[in-house]
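Enquirer: One structure, as structure tokens, below. Some questions next.
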Amino acid sequence: MPNAFYKDLIVYQIWPRSFCDSNGDGIGDLGGIISKLDYIKDLGANAIWFSPLYPSPNHDYGYDIADYMDISPDYGTLEEFKTLLNEAHSRGMKIIMDLVINHTSNEHKWFLESKKSKDNPYHDYYFWRDGKKGGKKPPNNWKSTFAGPGWSYDENLNQWYLHLFADEQPDLNMDNPKVREEVKKIMRFWLDMGVDGFREDVITFISKKEGLPNGFPIPVACGIEHYKKGPHLHEYLMEFKNDVLSQYDCFTVGEAPMMTPKLALEFISEGKNQTLDMMFHFQHMQADCMITDFIQRPFKLKKYKSAMSSWQTELYGKGWNALYLENHDHPRIISRYGNDEKYRVESGKMLAVSYLCLGGTPFIYQGQEIGMTSIKLPEIEMYEDVSTKNVYKMARSFGLSHERVMSLAKRASRDNARTPVQWDDGKNAGFTSAEKPWFHINPNYEQVNVANDRENPDSIWSFYKKLISLRKANPVFTYGNYKEYMKDSDDLYVYERCLDGKKLFVICSFTEKQVIFEAPEGIELNSGELLISNYKYPALSNNRFKTKPYEARVYLFG
Ligand code: GLC
Ligand code: CA
49 MPNAFYKDLI
59 VYQIWPRSFC
69 DSNGDGIGDL
79 GGIISKLDYI
89 KDLGANAIWF
99 SPLYPSPNHD
109 YGYDIADYMD
119 ISPDYGTLEE
129 FKTLLNEAHS
139 RGMKIIMDLV
149 INHTSNEHKW
159 FLESKKSKDN
169 PYHDYYFWRD
179 GKKGGKKPPN
189 NWKSTFAGPG
199 WSYDENLNQW
209 YLHLFADEQP
219 DLNMDNPKVR
229 EEVKKIMRFW
239 LDMGVDGFRE
249 DVITFISKKE
259 GLPNGFPIPV
269 ACGIEHYKKG
279 PHLHEYLMEF
289 KNDVLSQYDC
299 FTVGEAPMMT
309 PKLALEFISE
319 GKNQTLDMMF
329 HFQHMQADCM
339 ITDFIQRPFK
349 LKKYKSAMSS
359 WQTELYGKGW
369 NALYLENHDH
379 PRIISRYGND
389 EKYRVESGKM
399 LAVSYLCLGG
409 TPFIYQGQEI
419 GMTSIKLPEI
429 EMYEDVSTKN
439 VYKMARSFGL
449 SHERVMSLAK
459 RASRDNARTP
469 VQWDDGKNAG
479 FTSAEKPWFH
489 INPNYEQVNV
499 ANDRENPDSI
509 WSFYKKLISL
519 RKANPVFTYG
529 NYKEYMKDSD
539 DLYVYERCLD
549 GKKLFVICSF
559 TEKQVIFEAP
569 EGIELNSGEL
579 LISNYKYPAL
589 SNNRFKTKPY
599 EARVYLFG
């Protein structure tokens with residue numbers, strides 16, 4: 049496979065509102081980010097993905113964009129952004145922006161125009177349709193992926209507009225060539241300024257089946273079969289590539305719900321038909337849930353392993369993997385696949401090993417590197433996330449008790465990942481000097497914070513830093529082939545990676561139980577170098593050992 053600069057990156061994701069506040073208004077901002085660039089570099093990351101920084105009424109915290117070519121006054125100015133970009137580049141760090149073009153905010157000027165009249169030039173930028181039954185019923189049965197209706201009514205026009213997400217996020221009509229030109233303008237605006245690429249929000253949803261036919265009747269995301277990989281998706285992505293992206297030294301990561309390796313290769317196979325460089329799939333995020341984080345089931349390691357293994361093997365030599373365990377849309381991983389009480393540190397390190405030894409480009413979400421945990425807010429009024437609030441309403445209307453829904457929300461809400469980063473054990477965890485930060489701070493900040501972790505050689509932070517530096521120093525981490533062992537184990541995830549005579553051998557225990565690990569034939573653990581482990585004096589005799597709680601080891605051979 050050809051080399052490309054993005055393959056060697058370690059990307060750090062910033063969700064700006066909760067990262068670091070520099071001016072004391074309780075909201076994270078560009079000044080805060082600039083002040084932490086050295087911190088991110090010290091960790092070893094050499095790229096940053098910014099969740100949306102644009103002006104937004106924040107119904108979906110930045111993912112409802114009111115102006116694609118500016119910076120939200122909450123965060124700073126365009127001039128400050130240029131400074132940030134320079135500061136990052138001068139440290140050898142790449143910057144990618146979040147490109148949210150499936151929908152805009154309902155306060156975007158295109159939408160405000162579009163609803164003025166049916167013959168307004170912007171009317172066809174969106175999916176405006178007449179309703180059924182004399183206009184009073186929505187045009188079809190589609191439902192929002194955020195739990196709620198997929199259409200909203202506008203009295204003035206006596207028409208409905210489509211929104212796959214919140215009411216305030218009208219979907220753009222990508223079939224309109226003018227809309228595609230606008231998208232290209234936005235891309236060029238940021239690329240000309242010097243940004244290095246885009247994370248493309250729900251990019252696989254941008255083409256909808258002609259005629260918008262009714263969907264299979266399910267309460268959430270009804271209709272999804274008609275847009276999850278719509279008829280013109282390839283064509284539009286190819287147009288963006290040919291007309292814009294191919295003219296810059298940049299890269300793209302497409303967010304792709306319901307994606308499988310086989311389908312992904314239609315987009316990311318390296319060659320002339322390639323339209324995206326990588327994709328964020330969701331398969332490994334469903335080892336403790338189904339479809340959405342709210343439909344929960346007990347964690348099953350085999351589900352995690354089989355997702356990881358199929359992406360590793362099916363893409364090998366053909367397309368490039370994006371690796372992640374956390375982002376702003378999912379609860380903290382230690383609270384899901386690890387143990388956020390007794391074994392927070394051990395399981396946090398083990399989870400890092402489990403994915404940072406895989407092939408691809410790793411993404412690390414702010415706070416993940418210090419093992420932040422889900423906040424599990426007890427009252428619905430304490431939540432900010434629109435999807436959590438909608439799911440609460442829907443579940444209650446289905447007859448689930450308040451207690452039951454709250455227990456789901458505590459485990460599933462996106463707000464679990466959106467609490468301010470815990471910088472130190474001082475006031476407001478060092479996030480802001482304001483009296484009150486914009487959102488709740490996890491009370492565990494007195495123990496779990498950056499200052500503590502950076503001082504402590506045995507912390508999760510120090511472990512991430514070491515693992516990242518090992519990854520950078522040994523190409524087998526990034527480029528090696530992949531083979532899984534002990535597929536049937538419910539407790540251990542074991543795999544090897546090989547490249548140019550080197551072999552990495554990775555053992556991760558996903559349980560606090562003691563499990564006997566026996567090296568498979570051909571692997572002599574004694575003859576390898578133990579590169580990293582989350583226990584000080586790992587035992588080994590006769591090529592076998594009893595695992596400690598959430599133990600992880602990485603051996604290097606050759
Ligand atoms: C993506 C974003 C998520 C947002 C949604 C709608 O899934 O990651 O935060 O709510 O798209 O834009
Ligand atoms: Ca601020």
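Quick note, the working numbering runs 48 ahead of the 1-based positions in the sequence shown. Even for Gly, the Cβ is constructed at its ideal location relative to N, Cα and C.
Less than 7 Å between the CB of Ile75 and some heavy atom of ligand 2, yes or no?
Expert: What you label residue 75 is simply residue 27 of the sequence shown in a count that begins at 1. For ligand 2, at least one heavy atom lies less than 7 Å from the Cβ of Ile75.
Enquirer: State buried or exposed for Ile113, treating a residue as buried only when at least 16 other CB atoms are found within 10 Å of its CB.
Expert: Along the sequence shown, one-based indexing puts residue 113 at 65. Buried is the call here.
Enquirer: Going by beta-carbon coordinates alone, are Asp463 and Tyr440 separated by less than 8 Å?
Expert: Looking up residue 463 in the sequence shown gives position 415. Looking up residue 440 in the sequence shown gives position 392. Going by beta carbons, Asp463 and Tyr440 fall outside the 8 Å limit.
Enquirer: Specify the secondary structure class of Trp359 as computed by DSSP and reduced to three states.
Expert: Your numbering for residue 359 matches position 311 in the sequence shown. Secondary structure of Trp359 (DSSP, three-state): helix.
Enquirer: Given Tyr413, which residues of its chain have a CB within under 6 Å of its CB, disregarding the five upstream and five downstream residues?
Expert: As a first step, residue 413 is located in the sequence shown; it is residue number 365 there, counting from the start. Cβ within range, chain order: Gln61, Glu374 and Asn375.
Enquirer: With 16 as the cutoff for other CB atoms within 10 Å, does Leu126 come out buried or exposed?
Expert: The count along the sequence shown starts at 1 and reaches residue 126 at position 78. It is exposed - the Cβ of Leu126 has fewer than 16 other Cβ atoms within 10 Å.
Enquirer: Would you say the segment 212-231 touches the segment 123-142, given that touching needs at least three Cβ pairs under 8 Å?
Expert: Too few Cβ pairs lie closer than 8 Å, so no.
Enquirer: I believe Lys520 touches Gly196 by the beta-carbon criterion, under 8 Å. Please report the beta-carbon distance rounded to the nearest angstrom.
Expert: Within the sequence shown, the letter at position 472 stands for residue 520. Within the sequence shown, the letter at position 148 stands for residue 196. Between Gly196 and Lys520 the Cβ distance is about 44 Å, and since that is not below 8 Å, they are no contact.
Enquirer: Can you list, in chain order, the residues of its chain whose CB lies under 8 Å from that of Asn369, leaving out five sequence neighbours each side?
Expert: In the sequence shown, residue 369 corresponds to position 321, counting from 1. These residues qualify, in order along the chain: Met326, Trp359, Gln360, Leu363, Leu406, Gly407, Gly408 and Thr409.
Enquirer: In chain order, what residues of the same chain have a beta carbon less than 7 Å from the beta carbon of Leu399, not counting five sequence neighbours either side?
Expert: Residue mapping note: residue 399 aligns to position 351 of the sequence shown, counting from 1. Excluding sequence neighbours, Leu399 sits near Leu373, Ile381, Ile382, Tyr385 and Gly386.
Enquirer: So, for His280: in the same chain, excluding its five sequence neighbours on each side, which residues have a beta-carbon less than 6 Å away from its beta-carbon?
Expert: Within the sequence shown, numbered from 1, the residue matching residue 280 stands at position 232. Around His280: Ser255.
Enquirer: Can you tell me which of Phe288, Phe237, Lys55 and Ala460 puts its alpha carbon nearest to the alpha carbon of Ile251?
Expert: Walking along the sequence shown from the start, residue 251 turns up at place 203. Nearest C-alpha to Ile251: Phe288.
Enquirer: Which value, in whole angstroms, describes the spacing of the CA atoms of Glu577 and His450?
Expert: Position 529 of the sequence shown, counted from the start, is the residue given in the question as residue 577. Position 402 of the sequence shown, counted from the start, is the residue given in the question as residue 450. Answer to the nearest angstrom: the Cα atoms are 53 Å apart.
Enquirer: From Ile272, Lys89, His329 and Pro218, pick the residue whose C-alpha is nearest to that of Asn189; which is it?
Expert: Taking the sequence shown and counting its residues from 1, the one referred to as residue 189 is at position 141. Of Ile272, Lys89, His329 and Pro218, the residue nearest in Cα terms is Ile272.
Enquirer: At a cut-off of 7 Å, would you count Ser507 as near ligand 2, judging by its Cβ distance to the nearest heavy atom?
Expert: Against the sequence shown, residue 507 aligns to sequence position 459. Ser507 Cβ: outside cutoff for every heavy atom of ligand 2.
Enquirer: Taking the alpha carbon of Tyr174 as the point to measure from, which residue in Ile75, Cys298 and His156 has its own alpha carbon closest?
Expert: Here residue 174 corresponds to residue number 126 of the sequence shown, with the count starting at 1. When each option's Cα is compared against that of Tyr174, the closest is His156.
Enquirer: Quick check on the DSSP output: the alpha helix (DSSP H) that includes Val498 runs from which residue to which?
Expert: Here residue 498 is taken as the residue at index 450 of the sequence shown, counted from 1. Val498 -> alpha helix (DSSP H) spans Val498 to Glu503.
Enquirer: Buried or exposed, going by whether 16 or more other CB atoms sit within 10 Å of the CB of Thr394?
Expert: The sequence position of residue 394 within the sequence shown is 346, counting from 1. Checking the displayed sequence, the identity of residue 394 turns out to be Glu instead of Thr. So Glu394 ends up on the buried side.
Enquirer: Out of Val554, Lys142, Met356 and Trp199, which one is the CA nearest neighbour of Asn154?
Expert: For this step, residue 154 is matched to residue 106 along the sequence shown. When only C-alpha atoms are compared, the closest one is Trp199.
Enquirer: Under 7 Å from any heavy atom of ligand 4, does the C-beta of His376 make it?
Expert: As for ligand 4, it is missing from this structure, which binds only ligand 1 and ligand 2.
Enquirer: Could you spell out where the alpha helix (DSSP H) holding Asn290 opens and where it closes?
Expert: The residue given as residue 290 occupies position 242 in the sequence shown. Per DSSP, Asn290 belongs to the alpha helix (DSSP H) from Leu281 to Asp291.
Enquirer: Please state whether DSSP places Val607 in a helix, a strand or coil.
Expert: The first residue shown for the chain is 49 and the last is 606, placing residue 607 beyond what the model contains.
Enquirer: Count the other CB atoms within 10 Å of the CB of Arg452; is the residue buried (16 or more) or exposed (fewer)?
Expert: Here residue 452 corresponds to residue number 404 of the sequence shown, with the count starting at 1. Under this definition Arg452 is an exposed residue.
Enquirer: Bridge partners of Asp223, per DSSP?
Expert: Residue 223 sits at position 175 when you count from the first residue of the sequence shown. DSSP output for Asp223 lists no bridge partner at all.
Enquirer: Ala136 to Phe98, Cα distance in whole Å?
Expert: As a working mapping, residue 136 is identified with position 88 in the sequence shown. As a working mapping, residue 98 is identified with position 50 in the sequence shown. In this model, Ala136 and Phe98 are separated by some 12 Å (Cα to Cα).
Enquirer: Tell me which same chain residues have a C-beta within less than 7 Å of the C-beta of Met420, skipping the five on either side of it?
Expert: Position 372 of the sequence shown, counted from the first residue, corresponds to residue 420. Spatial neighbours of Met420 in its own chain (CB-CB distance under 7 Å, excluding positions within 5 residues in sequence) are listed in chain order as Arg380, Gln470, Asn490 and Val496.
Enquirer: Does DSSP put Arg380 in a helix, in a strand, or in coil?
Expert: Here residue 380 refers to the residue found at position 332 when the sequence shown is read from its first residue. Coil at Arg380, not helix or strand.
Enquirer: Three-state secondary structure (DSSP) at Met235?
Expert: Here residue 235 is taken as the residue at index 187 of the sequence shown, counted from 1. Three-state DSSP puts Met235 in a helix.
Enquirer: Beta-carbon within less than 7 Å of Trp238's beta-carbon, same chain only, minus the 5 sequence neighbours each way: which residues are those?
Expert: Your numbering for residue 238 matches position 190 in the sequence shown. Hits under 7 Å: Met145.
Enquirer: Measuring straight from C-alpha to C-alpha, what distance separates Gly124 and Thr308?
Expert: Along the sequence shown, one-based indexing puts residue 124 at 76. Along the sequence shown, one-based indexing puts residue 308 at 260. One C-alpha to the other measures close to 39 Å.
Enquirer: Flag this pair as yes or no: are the beta carbons of Ala335 and Lys320 separated by less than 8 Å?
Expert: For the purposes of this step, residue 335 is taken as the residue at position 287 of the sequence shown. For the purposes of this step, residue 320 is taken as the residue at position 272 of the sequence shown. No.
Enquirer: In chain order, what are the residue ranges of uninterrupted alpha helix (DSSP H) at least 4 long that sit wholly in the segment 479-545?
Expert: 498-503, 508-521 and 523-527
Enquirer: Please state whether DSSP places Glu566 in a helix, a strand or coil.
Expert: On the sequence shown, position 518 is the one that residue 566 refers to. Strand at Glu566.
Enquirer: Give the single residue among Met333, Arg545, Gln344 and Tyr87 whose Cα lies nearest to the Cα of Ala355.
Expert: For this step, residue 355 is matched to residue 307 along the sequence shown. The shortest Cα separation from Ala355 among Met333, Arg545, Gln344 and Tyr87 belongs to Met333.
Enquirer: When every heavy atom of ligand 2 is checked, does at least one fall within less than 7 Å of the C-beta of Asp69?
Expert: Residue 69 sits at position 21 when you count from the first residue of the sequence shown. Asp69: yes, Cβ under 7 Å from ligand 2.
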